[in-house]
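Be aware that the sequence shown starts at 12, since it is given in the numbering used here, and climbs by one per residue. Glycine is no exception: its CB is placed at the ideal position from the N, C-alpha and C atoms.
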Amino acid sequence: MVQLLDVLDAAPIDQAPRSGADRSQVMVATVLDVAEDGRTVTVSLLGSDAIPLPATASVWTDVTTAHVLMDTETGRPVHVLGPATAPSTEVTVPSSESLEEASQPATVTRTATVTPDWSGTYRAGQGWDRWNTNRYGGRTDIYQGAIGSSGALRGMATYGTAITSLHADRIASAILTMTGTGSWQGTWAAVVQAADRTSAGPSPSGATATANITGTGTTRVDITALAAGLLAGKGLALVGSAYGAVGGRGQSMSITITYQTTQ
12 MVQLLDVLDA
22 APIDQAPRSG
32 ADRSQVMVAT
42 VLDVAEDGRT
52 VTVSLLGSDA
62 IPLPATASVW
72 TDVTTAHVLM
82 DTETGRPVHV
92 LGPATAPSTE
102 VTVPSSESLE
112 EASQPATVTR
122 TATVTPDWSG
132 TYRAGQGWDR
142 WNTNRYGGRT
152 DIYQGAIGSS
162 GALRGMATYG
172 TAITSLHADR
182 IASAILTMTG
192 TGSWQGTWAA
202 VVQAADRTSA
212 GPSPSGATAT
222 ANITGTGTTR
232 VDITALAAGL
242 LAGKGLALVG
252 SAYGAVGGRG
262 QSMSITITYQ
272 TTQ
């Protein structure tokens, strides 16, 4: 004990940490020198001048930092407890490849079902909504073909911005649901094509898809081939020659779209 007190008394007061410094019971100091017997280690705390302190016997080869016991009342170093692990200065820098991948937008796949915001039928020479408006489903039914004195009938459904607002980069799948009105009890072939609505009737373009409908039965048809028209905001028209009609409300003429978008 006498020897320890002698060492503390011999240490200059200005070699200890400044007033207000960290009062932690144990601090990490920089090792400046180690006595041959390893019992005295000279350290620097918080950038102070060299402070020789008694030390616990340890292996000091290649050691650069040490744990130092502090007097919690005065903030002065008392004893070197042993080597401390030097803080790592290694910084992991992401590779340029990983940074590039992280900056790339992600493509996600989603599914949505859209329904018509309007539907009707154009009767050649007479205009829109001039056929069977008080029968079956009324004005919103979608006809094709001709029967009796009807003249050529072409109906269509439009979808407003329901499809374009999906911001789809690509449509992977589009399935159309159609339910017959019973206006023709037999089986008839509905031919579907993307189209714009004009005052002179549907203006169709592009590929077609065909589905057989019987009575009031419900049929689902793959219209993925019509994706370009759907992405352009076009509606769907019935353009076949066989007479028949499907509903334009509810699930009839709804489209289930699986699409890819970037986020």
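Grab the span of the alpha helix (DSSP H) containing residue i for me, first residue to last.
i	result
G93	It is not in any alpha helix (DSSP H) - G93 instead sits in the beta strand (DSSP E) that spans P88 to A95.
L241	A238 to L242
What three-state label does DSSP hand residue i in the structure shown?
i	result
R50	coil
R141	coil
R181	strand
S114	helix
S252	coil
R260	coil
R134	strand
R231	strand
L164	strand
S194	coil
T175	helix
Considering only their Cβ atoms, is the gap separating residue j from residue i smaller than 8 Å?
i	j	result
T188	R231	yes
A201	L249	yes
P88	S69	no
T126	G246	no
What residue from the options has the CA that sits closest to residue i's CA?
i	options	result
R260	T51, E47, G93 and G131	G131
G277	G171, I153 and D82	Only positions 12 to 274 of the chain appear in this structure, which leaves residue 277 out of reach.
S263	G191, A220 and W199	G191
I186	T269, G93, V119 and E47	T269
S184	M81, A236, S265 and S107	A236
L56	T219, N223 and T75	T75
V257	L241, H178 and G156	G156
Which stretch, first to last residue, makes up the beta strand (DSSP E) that contains residue i?
i	result
S265	S265 to T273
T76	T76 to M81
I153	I153 to G156
G146	The sequence shown places Arg at residue 146, not Gly. Note, R146: premise wrong, no beta strand (DSSP E); not H, not E.
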